[in-house]
Amino acid sequence: MITRRLQLAFTRSAIDSLSPLIGKTMRFKSENISPSTMGSAASHPEWSTRRWLVGLALSVFALVLLNAQSEFYTICSKSRNIYTVDSENPRVECISVRGSRIFEVGDYASLVGKLDIFLNFADRLPGWVTKNIWIGPRVIQIDEKSILVPGLADAHAHVIENGFMMQLPLVGAKSVQEVIDRVKAYILSHPDVMDDMTRWIEGMGWDQTTWPGGDFPTAVRDPG
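Right, dumping it as C-alpha cells:
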C-alpha cells in the first residue's frame with residue numbers, strides 16, 4: 001500500500017476546502033491509496049498541476065497579507081470620538097492608517113465592512129494556511145470615553161518671556177530658599193539694580209512642583 005502519496009501539496013481536507021476555488025471537487029474515500037488508485041491519479045496530470053498552481057498562489061497571497069499586516073490597520077470608536085479637523089466631517093467612527101499616513105476616514109461599514117471579502121475567502125482555506133497568517137483587516141477599538149486627535153506639533157517660543165528668563169534664570173532651583181539666594185546674588189552683581197529700588201527684578205523657569213511641599217514662592221517666604 002502506498003500511503004499519503006497525494007499529500008505532496010495538500011491533504012485531503014485541504015483539497016476539499018479549496019474545491020470551490022479551483023472549480024472542481026476532488027474527494028478521496030481514504031488516505032490509504034492503492035497502486036491502482038495511483039494509476040488513476042496519474043492519468044489526470046492536470047490535478048497535480050492545478051494543486052501546485054493553487055499552492056503557489058496561496059503562498060504569494062500569504063506573503064502579501066503578512067506584509068500588509070504591519071503597515072495597514074484601522075482604529076475605530078463606537079462613540080465617534082475620532083476628530084479629523086475637517087469642518088465638513090469633524091467626527092468619524094473609524095480611521096485607516098497605511099504606513100505612516102492616514103489612508104481613509106469614515107464609518108465602520110465603509111472602511112472595514114468592504115474588506116470582509118478577506119474573511120469570506122479565509123473560510124474556504126484550510127486551517128494550516130490560516131492559523132499562521134493574518135487574514136482580513138486589523139481593527140483596533142478604542143474605549144468609548146477616549147478620543148483620538150491628529151498629531152499636534154506646537155513649535156513656538158514666547159520671545160518676551162524668554163528674555164525675562166535670561167535676565168534671571170531660575171531653571172533647576174530646588175527650593176524657595178535657592179530662588180531667594182539666586183535673586184540676592186543677582187542684585188549684588190548688578191549695582192544699577194541694587195541702587196534703584198523702583199526696578200523690577202524678573203526671573204522665570206522654576207518648577208515649584210519639584211520643591212518640598214510644592215508651594216509657590218511668595219514674599220512671606222522671603223526672610224529679608
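UniProt numbering puts the sequence shown at residues 1 to 224. Beta carbons are placed, not taken as given, at the ideal position from N, Cα and C, and that holds for glycine. Everything numeric in this text was worked out from a predicted model, so none of it was measured.
Quiz item: Considering only residues of the same chain and omitting the five flanking positions on each side of Gly-203, which have a CB-CB separation below 6 angstroms?
Solution: Here the set comprises Leu-168, Leu-170.
Exercise. Determine the closest residue to Leu-111 out of Asp-143, Asp-86, Tyr-73, with distance taken between C-alpha atoms.
Key: Tyr-73
Practice problem: Pull up the CB-CB distance for Arg-101 and Glu-71, whole angstroms please, since I reckon it's below 8 angstroms. | Solution: The pair is not a contact, with the Cβ atoms about 10 angstroms apart (cut-off 8 angstroms).
Self-check item: Inter-residue Cα distance where the pair is Gln-208 and Pro-150
Solution: 32 angstroms
Quiz item: What is the DSSP secondary structure of Ile-147, reduced to helix, strand or coil?
Solution: coil
Exercise. Keeping to the same chain, check which residues put their C-beta closer than 6 angstroms to that of residue 246; ignore five residues upstream and five downstream.
Key: Lying before the first or after the last residue shown, residue 246 is absent from the chain, which here runs from 1 to 224.
Self-check item: Nearest-angstrom Cα separation, counted from Pro-217 out to Ser-189
Solution: 22 angstroms
Quiz item: Among Trp-206, Gly-113, Trp-200, which has the Cα closest to the Cα of Glu-178?
Solution: Checked all of Trp-206, Gly-113, Trp-200; the closest Cα to Glu-178 is Trp-206.
Quiz item: Between which two residues does the beta strand (DSSP E) containing Ser-96 stretch?
Solution: 94–98
Practice problem: Count the other C-beta atoms from every protein chain shown that fall within 10 angstroms of the C-beta of Arg-199, then say buried if there are 16 or more, exposed otherwise. | Solution: exposed
Quiz prompt | Terminal residues of the alpha helix (DSSP H) in which Gly-163 lies | solution = Where Gly-163 is concerned, the enclosing alpha helix (DSSP H) stretches over 159–167.
Quiz item: How would you call Val-159, buried or exposed, if buried means at least 16 neighbouring beta carbons within 10 angstroms?
Solution: Burial call: exposed.
Self-check item: Residue nearest to Tyr-108 in terms of C-alpha spacing, selected from Asp-86, Arg-138, Ile-187, Glu-88
Solution: Arg-138
Quiz prompt | 8 angstroms Cβ cutoff, Val-54 in contact with chain D | solution = Included in the structure is just one protein chain, with no chain D present.
Quiz item: Asn-89 to Val-183, Cα distance in whole Å?
Solution: 53 angstroms
Quiz prompt | Collapsed DSSP secondary structure at Arg-91 in the structure displayed | solution = strand
Quiz item: Around the C-beta of Ile-95, are 16 or more other C-beta atoms found within 10 angstroms, so that it is buried, or is it exposed?
Solution: buried
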